[in-house]
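Working notes, structure below.
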Ligand SMILES: Cc1cc2nc3c(=O)[nH]c(=O)nc-3n(C[C@H](O)[C@H](O)[C@H](O)COP(=O)(O)OP(=O)(O)OC[C@H]3O[C@@H](n4cnc5c(N)ncnc54)[C@H](O)[C@@H]3O)c2cc1C
Ligand code: SF4
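Residue numbers (our numbering), protein chains in the order written: chain A, 77 to 381; chain B, 25 to 581.
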């Protein structure tokens with residue numbers, strides 16, 4: 077199984093890490109950026125897939141070069157065989173749509189078409205919950221890639237390799253009290269719910285998990301040496317880290333970054349404003365009306381980087 | 025359970041349950057023989073469930089010592105060597121100290137103090153590396169909850185967290201209160217006489233302070249034992265061992281005595297901690313890092329003469345192989361030896377084309393290597409019927425208290441000290457009040473000198489001790505089957521984290537109204553349970569360990 081996990085950096089909202097200005101706006105410059113905590117569930121789902129069925133797990137993000145740290149975090153805390161950072165000044169200030177476009181192109185440029193693409197549910201800052209589904213939509217309009225049926229709110233999963241399907245348990249409407257079983261043909265796009273739990277009922281799986289955890293920690297430690305401030309080496313010298321700009325991806329700058337973003341941030345509500353409900357809606361990949369609705373909803377409050 | 029054919033189960037050539045010294049030794053020896061070995065440990069980390077007083081011996085006569093199997097053991101996993109060894113005979117403020125170096129060093133290659141979290145987790149890391157190369161490995165957070173049988177034969181294990189696993193050989197090194205030994209019908213948890221209860225505090229102390237107060241260097245250590253009248257007549261004694269930057273101070277008592285005397289274990293520990301004799305070391309400072317407790321089998325009565333059934337071999341505490349040689353406690357070393365012998369037995373049985381013969385071979389090896397002789401000395405069997413009779417004890421008591429006895433003691437003080445240092449004599453010591461209380465007290469009275477220092481340290485209260493421990497609480501793992509005071513009331517006092525008139529512990533005494541009037545009953549809250557095993561023996565319970573990773577987590581051990 078070839079898995080790709082999508083992630084992004086978010087401000088570290090933990091106590092004592094985050095700083096706000098007088099008006100209650102987040103001071104991004106002063107707040108450390110970390111891997112979106114929900115994406116770790118996606119990464120855990122990918123690791124479970126590797127433990128049970130073999131293959132590789134790639135971790136991909138789009139963002140400034142500093143996001144190498146975020147990829148490093150995922151590699152260290154959960155697992156990654158290799159890391160991909162789509163980074164270019166042209167990609168800056170992208171909204172979720174432009175991000176989705178870029179990431180879909182990044183996926184297309186992998187040497188092997190992924191069997192599974194994973195994303196976490198919602199980022200801790202933008203709170204749109206749309207990047208995953210939109211990426212999936214971009215994949216589906218991308219002729220170079222197969223269609224990826226989308227399954228959201230996944231709390232448990234398994235793959236039937238013989239049948240070529242992924243079987244999941246998902247929360248109906250994101251509600252913890254209602255769980256349904258959904259099956260989809262591979263390749264597929266899986267959005268892991270924060271309630272996702274990897275299960276390992278075989279000793280062999282737990283032993284492999286332990287091996288993989290040890291390997292990824294070693295790999296992350298090696299990568300950290302390339303990332304260190306006082307080193308002459310460039311992060312891209314590390315064999316398992318790949319940084320691609322718009323030229324590498326053959327992307328027209330007009331379609332990415334700020335220029336490619338159909339949404340504008342009209343304003344950001346000051347914190348504290350507890351984002352309460354899980355607001356993702358299931359949109360079928362071929363449902364263009366649904367996608368349009370997404371754009372409309374996005375318009376007022378989507379926060380791009 | 026659903027019937028799955030066993031050939032569909034995961035299979036390992038060997039499954040070792042428990043990653044204490046016994047399991048670690050068995051797994052390492054199996055791996056050395058190239059046997060595919062899976063080790064399952066219920067703690068979040070090996071050692072997180074384990075307590076010992078803390079002296080691990082390497083005996084010259086033992087076929088396997090821990091450093092035979094793990095050459096870096098002393099460097100990486102132990103605290104300090106125990107070079108000196110004393111017993112203090114206490115009568116009030118009067119103390120007579122005997123030097124027990126002879127017996128301590130008898131048959132001893134080396135002896136170090138250890139803390140189990142550090143020791144066992146280091147061992148587990150080595151074991152994982154060694155067993156992984158055979159295709160197995162070591163997993164924590166997995167509790168084995170029973171034996172898997174096929175047609176009545178033991179073929180594997182069942183777990184809380186994993187699907188059943190089959191194996192050609194199963195080594196149960198799951199310690200005291202072994203659920204596997206019980207499942208196999210090899211051990212029961214009925215007789216308090218077969219057990220000790222150990223309670224221990226790990227006390228913070230700066231290495232320099234330790235060196236100065238005990239008169240030692242960084243790479244030296246001391247062991248002190250305590251007996252006499254400081255434990256309200258409960259049969260047993262106290263211990264104090266030096267670690268790198270802490271002290272282990274504990275008590276070990278016969279469980280039947282704790283039960284009979286309705287003793288509160290934490291108070292007995294406090295009696296030791298606050299005795300004036302300890303002032304020279306504590307000097308008014310007392311910071312307790314951890315309070316811990318566990319049952320200890322008494323091999324003289326509990327060591328199973330034939331610790332195997334089918335593919336199942338019991339090792340260490342699970343088989344009752346814990347030797348109390350007078351005041352010297354030897355459990356870890358015997359667990360290591362037994363683990364090595366079990367592995368060797370399986371390997372030989374396999375080489376002879378009959379792996380199912382491993383159990384018999386193991387039993388033979390325990391005999392021929394002299395392990396059984398240490399665990400169940402014949403001398404003890406001879407001396408027990410006589411010396412434990414009340415009449416004889418009464419007579420000896422009378423003698424000792426008579427002027428002749430006192431004079432004799434005065435005259436022969438040196439002889440008594442020598443007698444203490446005789447392994448032959450220690451193997452014979454009867455488990456009576458006479459040996460543990462009367463005799464040391466008389467020695468202290470007659471030969472001792474008074475301690476003048478004051479010890480005003482204040483050990484933590486029970487609720488603070490409970491509060492300082494780390495727990496990941498799960499559903500109750502112990503069920504009281506008969507809650508009448510007659511059946512289970514002893515647990516209120518004997519449970520090391522419960523006490524009479526203390527509401528925050530596990531066991532509580534309650535009075536309920538019945539038609540006939542009032543009835544005294546007990547209630548149980550397993551939340552503060554340290555899984556010591558006491559109530560499995562002294563109360564009427566259905567007793568299991570919590571699932572993997574749940575329950576108490578010791579950081580010191
Ligand atoms: C206070 C005290 C003082 C002592 N002092 C000394 C001393 O000074 N010297 C000495 O040599 N001995 C001493 N002992 C005895 C010694 O600790 C034991 O004899 C020794 O630990 C036995 O080793 P073992 O490997 O058989 O079992 P343990 O060390 O108890 O290891 C058993 C392991 O199995 C695991 N386990 C249990 N059940 C399951 C299950 N169902 N599934 C998975 N895993 C499971 C446990 O978590 C544990 O890690 C003392 C004991 C106490 C309590
Ligand atoms: S409840 Fe039982 S096992 Fe738990 S600490 Fe008390 S006596 Fe020990």
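A virtual CB, placed ideally from N, CA and C, is assigned to each residue, including glycine.
The beta carbon of residue 187(B) sits no closer than 7 Å to any heavy atom of ligand 1.
At a beta-carbon threshold of 8 Å, the residues of chain A lying near residue 187(B) are 277 and 278, ordered along the chain. Judged by beta-carbon spacing, residue 263(A) lies beyond the 8 Å limit of residue 302(A), meaning their Cβ atoms are not closer than that value. Per the Cβ contact rule, the segment 130-143 of chain B is in contact with the segment 93-105 of chain B (3 or more Cβ pairs under 8 Å).
Close to residue 286(A), with beta-carbon spacing below 8 Å, are these residues of chain B in chain order: 152, 161 and 163. For residue 125(B), the enclosing alpha helix (DSSP H) covers residues 125-129.
With fewer than 16 neighbouring CB atoms inside 10 Å of its own CB, residue 537(B) falls in the exposed class. Any Cβ of chain B closer than 8 Å to the Cβ of residue 282(A) would place that residue at the interface, and such an atom is present. Between residue 255(A) and residue 245(A), the C-beta gap is smaller than 8 Å, which places the two residues in contact. In the DSSP annotation of this structure, residue 117(A) is not part of any beta strand (DSSP E); the continuous alpha helix (DSSP H) holding it starts and ends at 113-129. Between the segment 523-530 of chain B and the segment 549-560 of chain B there are three or more C-beta pairs closer than 8 Å, enough to call the two in contact. Shown here, residue 183(B) sits in a strand according to DSSP, grouped into three states.
Residue 138(A) and residue 161(A) have their C-alpha atoms some 6 Å from each other.
Residue 65(B) is outside the set of residues whose beta carbon lies under 8 Å from a beta carbon in chain A. Here the distance from the Cβ of residue 339(B) to the nearest heavy atom of ligand 1 is below 7 Å. Bounds of the alpha helix (DSSP H) holding residue 285(A) are 279-303.
Within the segment 166-244 of chain B, the complete alpha helix (DSSP H) runs of at least 4 residues fall at 203-207 and 231-238. Using a Cβ-Cβ cut-off of 8 Å, residue 124(B) does not count as an interface residue toward chain A, since no Cβ of chain A sits closer than that to its own.
According to the DSSP assignment, residue 349(B) belongs to the beta strand (DSSP E) that extends over 347-349. In its chain, beyond the 5 residues on either side, 85 have a beta carbon closer than 8 Å to the beta carbon of residue 394(B).
At a cut-off of 8 Å between C-beta atoms, residue 171(B) does not count as an interface residue with respect to chain A. Residues of the segment 43-73 of chain B whose Cβ lies closer than 8 Å to any Cβ of chain A, in chain order: 62 and 64. The Cβ of residue 34(B) sits closer than 8 Å to at least one Cβ of chain A. Between the C-alpha atoms of residue 79(B) and residue 353(B) there is a straight-line separation of about 8 Å. Scanning the segment 475-555 of chain B for uninterrupted beta strand (DSSP E) segments of 3 residues or longer gives 494-496, 502-504, 531-538 and 541-548, listed from N- to C-terminal end.
In the DSSP annotation of this structure, the continuous segment of the beta strand (DSSP E) that includes residue 278(B) starts and ends at 270-278.
Distances from the CB of residue 198(B) to the heavy atoms of ligand 1 include at least one below 7 Å. With contacts defined as CB atoms closer than 8 Å, residue 205(B) and residue 343(B) qualify as a contacting pair.
With respect to residue 257(B), residue 461(B) sits close: the two C-beta atoms are nearer than 8 Å.
One alpha carbon belongs to residue 572(B), the other to residue 275(A), and they sit about 14 Å apart. Here the segment 217-226 of chain B makes no contact with the segment 56-74 of chain B; the two share fewer than three CB pairs at distances below 8 Å.
In terms of side-chain proximity, the C-beta atom of residue 274(B) is found no nearer than 7 Å to any non-hydrogen atom of ligand 2.
Per DSSP, the continuous alpha helix (DSSP H) segment holding residue 149(B) begins and ends at 140-156. Distances taken from the Cβ of residue 569(B) to the heavy atoms of ligand 1 include one shorter than 7 Å. Relative to ligand 1, residue 80(B) has its C-beta within less than 7 Å of a heavy atom.
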